[in-house]
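In this text, residue positions in the sequence shown follow the UniProt record's numbering: the first is 1, and each later residue adds one. Glycine included, C-beta positions come from ideal geometry on N, C-alpha and C. Notes follow once the structure below has been shown.
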Amino acid sequence: MTPNSTAAGPYDDREFPSATSPRSQSDVITPIRESHGLASDRVERRGGKLRPFRLLKEDFGNFRLRYYSDWTVFSQLVLASAVYVFFTNILPGITFASDLYVLTGESWGTIEVVFSTGLCGVIFSLFSAQPLTILGVTGPFSVLAENIYTLCENSFKIPFLPFMAWSLIHSGWMHYLLAIFNAHDYTMQYVTDFSADIFSLLNSVIYFYKAVRELQRTKAVVSLAAFLYSIIGAAGTCMLAIFLSTAVSWKPLFHRYIRMGLTEYAAAISIVFFIGMPYVGDLAQLDHNRLEVSKTFRPSSPSRDYFFVEFWKLSIGWIFIAIIPGIIITVLFYFDHEISSIICTAKRYGVQKPGGYAWDVMLLGTTTIMCGILGIPPANGLLPQAPLHSESLMYTVYEDPPASDSGPGDDPPAKPVLRVYEQRYSHFIQAAGILLFISPPFQHVLGLTPTSVLAGLFMVMGYQSLSVNPILTRIWQLLTPISELPDLPHGASWMGIHFYTITQLVLTGIVFSVTLTVAAPGFPIIIIILVPVRLFFMNRVWSRQTLRYVDGWATREGKPEDDNNDRRRGGVVTSGAAVRQAADADEEKGNKTTHKSIRPNYLLLGHLHPTITAKSFYHLYHLDQYTAGTVETRNHVAFYSWQICHHHRRGIRYTHPSPPSASIPHRRITGINLAFAKLLFERGRSVMIGDLALRRGASSLLAQYSHPRQPNRPSALFPTNFASWPQLTRLWTKTLESFLQIDIVVPGAVIFEPSWSSFWRPPKTETNPQTKSRDAADAEPGTYAVLDVNLAHPIRLSQLAIGHWTQQKREGCLVHVGSIAGYAAGIGSPLYMASKHGLHGFVRSMGGMRDRMGIRCGAVAPGADMTPMWLEYPEKQHMGQGEGSDLFIDPEEIARGMLELCENPEHGDGTILEVTKGATRVVPLYHAEPPGGKGAVIPRLVDEAEKIWGELESLGLKV
Numbered sequence: 001m002t003p004n005s006t007a008a009g010p011y012d013d014r015e016f017p018s019a020t021s022p023r024s025q026s027d028v029i030t031p032i033r034e035s036h037g038l039a040s041d042r043v044e045r046r047g048g049k050l051r052p053f054r055l056l057k058e059d060f061g062n063f064r065l066r067y068y069s070d071w072t073v074f075s076q077l078v079l080a081s082a083v084y085v086f087f088t089n090i091l092p093g094i095t096f097a098s099d100l101y102v103l104t105g106e107s108w109g110t111i112e113v114v115f116s117t118g119l120c121g122v123i124f125s126l127f128s129a130q131p132l133t134i135l136g137v138t139g140p141f142s143v144l145a146e147n148i149y150t151l152c153e154n155s156f157k158i159p160f161l162p163f164m165a166w167s168l169i170h171s172g173w174m175h176y177l178l179a180i181f182n183a184h185d186y187t188m189q190y191v192t193d194f195s196a197d198i199f200s201l202l203n204s205v206i207y208f209y210k211a212v213r214e215l216q217r218t219k220a221v222v223s224l225a226a227f228l229y230s231i232i233g234a235a236g237t238c239m240l241a242i243f244l245s246t247a248v249s250w251k252p253l254f255h256r257y258i259r260m261g262l263t264e265y266a267a268a269i270s271i272v273f274f275i276g277m278p279y280v281g282d283l284a285q286l287d288h289n290r291l292e293v294s295k296t297f298r299p300s301s302p303s304r305d306y307f308f309v310e311f312w313k314l315s316i317g318w319i320f321i322a323i324i325p326g327i328i329i330t331v332l333f334y335f336d337h338e339i340s341s342i343i344c345t346a347k348r349y350g351v352q353k354p355g356g357y358a359w360d361v362m363l364l365g366t367t368t369i370m371c372g373i374l375g376i377p378p379a380n381g382l383l384p385q386a387p388l389h390s391e392s393l394m395y396t397v398y399e400d401p402p403a404s405d406s407g408p409g410d411d412p413p414a415k416p417v418l419r420v421y422e423q424r425y426s427h428f429i430q431a432a433g434i435l436l437f438i439s440p441p442f443q444h445v446l447g448l449t450p451t452s453v454l455a456g457l458f459m460v461m462g463y464q465s466l467s468v469n470p471i472l473t474r475i476w477q478l479l480t481p482i483s484e485l486p487d488l489p490h491g492a493s494w495m496g497i498h499f500y501t502i503t504q505l506v507l508t509g510i511v512f513s514v515t516l517t518v519a520a521p522g523f524p525i526i527i528i529i530l531v532p533v534r535l536f537f538m539n540r541v542w543s544r545q546t547l548r549y550v551d552g553w554a555t556r557e558g559k560p561e562d563d564n565n566d567r568r569r570g571g572v573v574t575s576g577a578a579v580r581q582a583a584d585a586d587e588e589k590g591n592k593t594t595h596k597s598i599r600p601n602y603l604l605l606g607h608l609h610p611t612i613t614a615k616s617f618y619h620l621y622h623l624d625q626y627t628a629g630t631v632e633t634r635n636h637v638a639f640y641s642w643q644i645c646h647h648h649r650r651g652i653r654y655t656h657p658s659p660p661s662a663s664i665p666h667r668r669i670t671g672i673n674l675a676f677a678k679l680l681f682e683r684g685r686s687v688m689i690g691d692l693a694l695r696r697g698a699s700s701l702l703a704q705y706s707h708p709r710q711p712n713r714p715s716a717l718f719p720t721n722f723a724s725w726p727q728l729t730r731l732w733t734k735t736l737e738s739f740l741q742i743d744i745v746v747p748g749a750v751i752f753e754p755s756w757s758s759f760w761r762p763p764k765t766e767t768n769p770q771t772k773s774r775d776a777a778d779a780e781p782g783t784y785a786v787l788d789v790n791l792a793h794p795i796r797l798s799q800l801a802i803g804h805w806t807q808q809k810r811e812g813c814l815v816h817v818g819s820i821a822g823y824a825a826g827i828g829s830p831l832y833m834a835s836k837h838g839l840h841g842f843v844r845s846m847g848g849m850r851d852r853m854g855i856r857c858g859a860v861a862p863g864a865d866m867t868p869m870w871l872e873y874p875e876k877q878h879m880g881q882g883e884g885s886d887l888f889i890d891p892e893e894i895a896r897g898m899l900e901l902c903e904n905p906e907h908g909d910g911t912i913l914e915v916t917k918g919a920t921r922v923v924p925l926y927h928a929e930p931p932g933g934k935g936a937v938i939p940r941l942v943d944e945a946e947k948i949w950g951e952l953e954s955l956g957l958k959v
C-alpha cells in the first residue's frame, strides 16, 4: 500500500496486509480500459486490423511486463479467494461430470472433469495474460458433447473419443488463426455493457435454476425425510455463507481479525459445516444423495487403461468431417472465454494491469488440443466463476483526489476506490488443489459431499453474481417512484432507462429459455447477435443521452454514442478537469469508473500544485522503433537503450515535469521538458504528456503527433501534486505496476520564487496580514513551496528510483534540472538559489553510485532560459524584455544537454552540465570558473536586486 492508500477492504473497517511487493495492487496505473490500450489507437495502427500477429505481439509484451509483479502480490485475501474459487469450481464440475458420464456412454466422468479443470487451470495460472479468468468444463459443452456422442454411436458408427480428439485438434488450430489474425479487434471490441450485463444476469439465473434442478434430482432418489433435509441443507449453506460474509460489520463482536476471517472464508466455512451435518446424530441414518466420484486414477470408461487417445487410427474421411464440430467448438469456446474475460475485468472491479485476449485465445487453443489427445473434456472460461474470482479479490483503497487550484488546506478528503488483487496465486492454488483431487484418497473426500450442499453453493454463486450486476440496481430504480430518483443529464429520461432495463430482463429470459433446449450450445452466439442490435437499432428507440447514461464499451473507454467532443474529453488528448467531470458524472449514476491505462505504453500523469501555476509533465517514451544506431554502441547509456529495445520494448519512462509553453510578444517560448519531449518525438519515440490543462504549445505538439498513421503517439493524463509525498509515492507505485521497470527518471518541476513563495514575502501572520505569500506560517511543519518543488520533490523522487533500482539489482539514470544559480548568488531570489545549491550538492553526492551501483546521476545547469517557469509571473516578465533579451537560451539547447547526460559515457558521476547559449561545459566540483557564455545571467537581474534593497532600506522586512 502506498502512504495515501489505506486498505480497508470492501467493508467499513476491513484491513488487509500489504502485498509482499513494494508495488501495491492499489495503485496500478488506471485504464483506458482495455488490454490492448485505446481501441481507437489499436484499430488504426500500421497494417490495419488483419496484420498477422499484431495483437499477439502486444499481448506477449503485456504478459512479460506484468509477469514478475503477478508473483509479488499475496495476502490473506488472496488465499481466501483461492479456497472460495476451489469450491465454486470443483463441486459444480462434478455435477457436469455426472451428466457427462451418462450422456457420453461412460466415456467421461468425474476423473476426466477434475483432471481437465485442474490441468487447464494450472496452465492458465502460469501462462495466461489475464489470470483472473477461471477455467472449467462448462454446461454448454456438456450438451454439445452429448450430441456428438449420439452422432458417433447412432449415425457414424465410429468411436467417440478419437472423433472428439480430432474435433478438438481442429478447434485448436482455429483458435490459433483467431489469435494470429486479431479476431478480438473485429468482434469483442464492439461489445458493450448492454450485452455483458445480460450475459452476467443469465448466469445468475442459470445457477439458481441449477440449485432447483439439483434438489429435484435428489427428490427422485432419496426418501422424503432425506429430501426435506436436502432443502434445509441447501438453504442453510446459502444463508450461512451470506450471513458470515457480513461478519466484518459485526462490531463490537469479536476481534477485527476474527471478523475478517469469517468474512473471507464465509463460503468455505458454510460448505464444510453442511458437509459434516449429515453425519451427526439421527441425520446419519438418512439416505443422503452424495456426489459420485471415481475410486481409482484411471479413465472412467472400462475400455480405457490410460489417458491417451489413439486419434491417428481414425480414417481420413472422418478426420475432415471432424472439422464441422471443430468449428462449433471454436465458436462456443471463443465467445464463451472472451465474454468471461470481459466480465471478470469489468470496470466495477477496478482492474488495472494489462491483459491479452489474443494471447489467451492462443493458449486456449493449446489446452484444447491437449485435452483432445488426453481424452478428457476441454476447459474454457467459466461464468460466473471468473467474475466471482474478481469479486472475491476486491478491496478498498483511499486515494487522494486529483490536484486542484484550491489552497493547500482545501483539498477534498481521500475517496474510497475499489481495486482487485491482480496476481496468479489464487488461480494457481485453486487449480493445483483441484488437480490434487484426481488421486483416490481425495476423490473419496469429495464423495462425502451431499448434493444439497452443491445446491446451496449454486444459490450462493447466483446471489453473489447478481449482487454486483448493474441491472439489479436499475431494477430497484424501476420500483422506485420517479420523484424519489436523482436528476438525470439533459436529454436522458427515467422512462427510457426503465424501458432499457425491461428490455434487458426480457432478453435474458429469452436466452435462458434457449439454454433449456437442444440449441443450448449456441446461446453465446445469441449474446453476440445482441451486439449489432445494440449498435445499429437501439439508438433509434432510445435517446443518445439515455444510452450514454446506462451503457458503454465493455473492453475500452468511452461509449458508442460519444461524439468528437466526448472522445476528446475521454480519449487521447484531454484535460484533467474534463476527466474529473466525466468521472463525477459516472459516479453520480452509480458506475465506479477510473481513468486508467491498462496498457503499459501509456502513463496517465500530470501535476498542478495547489499554489503553483507551473505545470508538471511526465513523459513516457515508447522505444519500439529505437535502434542501436541512435546512440554510440560503446556508450554506457546505449547499453540501457539496447537493453530496453530487446528486454523492455514497452518503453522507457522519463519523468520530468515542467511548463510546456507560453508566449510573450515577438518570441516563441516553450518549456525545457516540452522541448525534450519534442526532441524524442523526432527521434521516433512515443511520448505521453500529462497535465490538468494543456498550454497552446503542448496542444499543438499533441495534435502534430496524434495522427493515426504516426508510429509514436501521445496519450492521456494523471494529476499529481509533487509537493505531496503520498501522491509522489502513489505515482511511483502506479508506474511500476504498469511498466514494471523504470530506467530513466528526470524530476524537473521548477518555480522561480514567485511572490507567493518568496523569502521577501514572508508567510502571513498577525503582524504581516497583507503579504502575498501562500506559505502558511502556522503550518506544522512549516514549508516553502519553492523548496518543496525545487528540492524536496527531486530528492524524494530520486529516493524512490534508487530504492527500486538497488532492490531489483538494476541500473538506472537520474537526470535533474539544476541551474547556474546552483553555484551563483543573488539577493533577488535567495530561496531559488538555495534550492539549486542544494540540488547540485545532492546530485554530486550521488555521483559515486555510477561506478559502484550502475546508477547514473547528473543535472543540467542552464542559464537564462526562455520558458514560462518565471516569465509567466507578472513581477518577473519585465526581466525577459528589452535589451539583452536575445541572450536567452532556447529550451531545445537545454533538452539536447539533457540527452547528452543520458548518452555520454563520461557523464553520470554527479555531473553538472552547464548549458549556455550555443555552448556546454562540465562544471568541476572545486575551483570552477564562473559561467561566461551567453545567457549565463538573466537580463535586468541587477535591477531586481536594487528593487529589493530599496524595499529593505525604506520599509524593512515585515514578518
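- Taking the C-beta atoms as reference points, residue 339 is found no nearer than 9 Å to residue 672.
- Residue range 54-70 is occupied by the alpha helix (DSSP H) that includes residue 59, with no beta strand (DSSP E) assigned at that position.
- Residue 768 sits in a strand when the DSSP states are folded into three classes.
- Between residue 311 and residue 162, the beta carbon gap of about 5 Å places them in contact (Cβ cut-off 8 Å).
- In the three-state scheme derived from DSSP, where H, G and I count as helix and E and B as strand, residue 255 is classed as coil.
- For residue 914, the uninterrupted beta strand (DSSP E) segment begins and ends at 909-916.
- Residue 551 counts as buried, since no fewer than 16 other beta carbons sit within 10 angstroms of its beta carbon.
- In the DSSP secondary-structure assignment, residue 816 is bridged to 859.
- Membership of residue 77 in the alpha helix (DSSP H) is indicated by the continuous run 76-103.
- Residue 513 sits in a helix when the DSSP states are folded into three classes.
- Exclusion of the five residues before and after residue 266 leaves 241, 244 and 245 as the residues of its chain whose Cβ lies within less than 6 Å of its Cβ.
- Pairing residue 775 with residue 764, the inter-Cα distance amounts to about 8 Å.
- By alpha-carbon distance to residue 903, the top candidate from 349, 130, 813 and 449 is 813.
- Counting the other CB atoms within 10 Å of its CB gives residue 251 a total below 16, which places it among the exposed residues.
- According to the DSSP assignment, residue 415 belongs to the beta strand (DSSP E) that extends over 415-420.
- In the structure shown, the three-state DSSP call for residue 761 is strand.
- Unbroken alpha helix (DSSP H) stretches of 4 residues or longer found wholly inside the stretch 768-811: 793-807, given in chain order.
- Ranked by Cα distance from residue 215, the options 202, 229 and 520 are led by 229.
- In this structure, residue 475 places its C-beta atom within 9 Å of the C-beta atom of residue 501.
- Residue 728 is bridged by DSSP to nothing; it lacks a bridge partner.
- Just measuring C-alpha positions, the residue of 122, 917, 769 and 923 sitting nearest residue 432 is 122.
- Rounded to the nearest angstrom, the gap between the Cα atoms of residue 842 and residue 858 is 10 Å.
- Counting C-beta atoms within 10 angstroms of its own C-beta, residue 482 has fewer than 16 neighbours from the protein chains shown and is therefore classed as exposed.
- Residue range 919-922 is occupied by the beta strand (DSSP E) that includes residue 920.
- With 16 or more other Cβ atoms inside 10 Å of its own Cβ, residue 185 counts as buried.
- The beta-carbon separation of residue 901 and residue 907, rounded to 5 Å, stays under the 8 Å limit for a contact.
- The beta carbons of residue 172 and residue 366 sit closer together than 9 Å.
- DSSP lists 450 as the bridge partner or partners of residue 290.
- If you compare the alpha carbons of 853, 389 and 808 with that of residue 83, the shortest gap goes to 389.
- Counting of Cβ neighbours within 10 angstroms places residue 769 among the exposed residues, the total staying below 16.
- Residue burial is scored here from C-beta neighbours: residue 335 has at least 16 other C-beta atoms within 10 angstroms and is therefore classed as buried.
- By the CB criterion at 9 Å, residue 831 and residue 758 fall inside the cutoff.
- Taken atom to atom, the span from the alpha-carbon of residue 497 to that of residue 204 is near 22 Å.
- Distance between residue 343 and residue 188, taken at the CA atoms: about 12 Å.
- 9 Å or more divides the Cβ of residue 233 from the Cβ of residue 164.
- Residue 135 has 381 as its beta-bridge partners, per DSSP.
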